[in-house]
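Here is the structure we will look at.
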Amino acid sequence: MKRFISILIFLSLLTGCMERQRSLDNNIISSQNIIVKTAKKYLGKPYRYGAIGPNSFDCSGFVYAVFKEVGIPIPRTSLAQSKIRGKKLSKKELKAGDLLSFDTSLKGHINHSGIYIGNHKFIHASSGKAHSVTISSLDGWYKDKFRWGKRVNYP
């Protein structure tokens, strides 16, 4: 009987831990969706070097402003953003809301950032043809420039 009660207590504790983990996972998914939704509301805003919004952005200013708006402080520059704590993620490991780092000059240093939105696409402030906040494919021009993603610690 004592053994049965011990097993029952153990299982109830285990189930409680699993519920907390499921709740934490749901909170992370919700935060990721909020990041993407916040980023998308700036689609079409013009690119301007050094700008942090809300009417224009440069690439790192856009990422900085979006994360700040959802309550997640990150550094201001692409290089500093690439150095935030966390595991470097490959394209296969990316989830919506992840911070992306690029070397667009292919000279070995990070000089561009964006936010992954899913389906091999990301949102960023582009100084290229679009010259605005736009959605691009990780399979196109940025394919060889992508270096890694980072999953930012959500509050």
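So that you can map any letter, position 69 of the sequence shown is 98 in this note's numbering, and since no number is skipped, the others follow by simple counting.
Beta carbons are placed, not taken as given, at the ideal position from N, Cα and C, and that holds for glycine.
None of these values were measured; they are calculated from a predicted model.
**OP:** Would you check if there are 3 or more beta carbon pairs closer than 8 Å linking the region 77-85 to the region 124-141?
**Re:** no
Original post:
Whose C-alpha, out of A159, G143, K116, K69, is nearest the C-alpha of N182?
Top reply: The residue you call residue 182 lines up with position 153 of the sequence shown. The option with the nearest alpha carbon to N182 is K116.
**OP:** Below 6 Å CB to CB, which residues in the same chain sit around S111 once its five sequence neighbours on both sides are set aside?
**Re:** For the purposes of this step, residue 111 is taken as the residue at position 82 of the sequence shown. Hits under 6 Å: S130, I139.
**OP:** Could you tell me which of K124, A154, A125 sits nearest to H141, measuring between CA atoms?
**Re:** Counting from one through the sequence shown, the residue named residue 141 turns up at place 112. The shortest C-alpha separation from H141 is found at A154.
Original post:
Which class does Y145 belong to by DSSP, given the choice of helix, strand or coil?
Top reply: What you label residue 145 is simply residue 116 of the sequence shown in a count that begins at 1. Y145 falls in the strand class under three-state DSSP.
Original post:
Which residue's Cα is closest to the Cα of F86: L118, S119, Q61, Y71?
Top reply: Taking the sequence shown and counting its residues from 1, the one referred to as residue 86 is at position 57. Of L118, S119, Q61, Y71, the residue nearest in Cα terms is Y71.
Original post:
Where DSSP assigns a beta bridge to F96, which residues make up the other side?
Top reply: Residue 96 sits at position 67 when you count from the first residue of the sequence shown. Note: F96 sits in no beta bridge, so no partner.
Original post:
Since A109 is in the alpha helix (DSSP H), which residue starts that stretch and which ends it?
Top reply: In the sequence shown, residue 109 corresponds to position 80, counting from 1. Unbroken alpha helix (DSSP H) run through A109: 107-111.
Original post:
In three-state terms, what does DSSP make of G79?
Top reply: Taking the first residue of the sequence shown as 1, we reach residue 79 at position 50. In this structure, G79 counts as coil in the three-state DSSP scheme.
Original post:
What distance in whole Å lies between the Cβ atoms of G126 and S60, which are believed to be in contact at a cut-off of 8 Å?
Top reply: As a position in the sequence shown, residue 60 is number 31, starting the count at 1. As a position in the sequence shown, residue 126 is number 97, starting the count at 1. The Cβ separation is near 7 Å, so the contact holds.
**OP:** Go ahead and label S119 buried or exposed: buried means 16 or more other beta carbons lie within 10 angstroms of its beta carbon, across all protein chains shown.
**Re:** Here residue 119 is taken as the residue at index 90 of the sequence shown, counted from 1. Exposed: under 16 other Cβ atoms inside 10 Å.
**OP:** Let me know if W170 comes out buried or exposed under the rule of 16 or more other beta-carbons within 10 Å of its beta-carbon.
**Re:** Taking the sequence shown and counting its residues from 1, the one referred to as residue 170 is at position 141. Counting Cβ neighbours within 10 Å, W170 comes out exposed, since fewer than 16 surround it.
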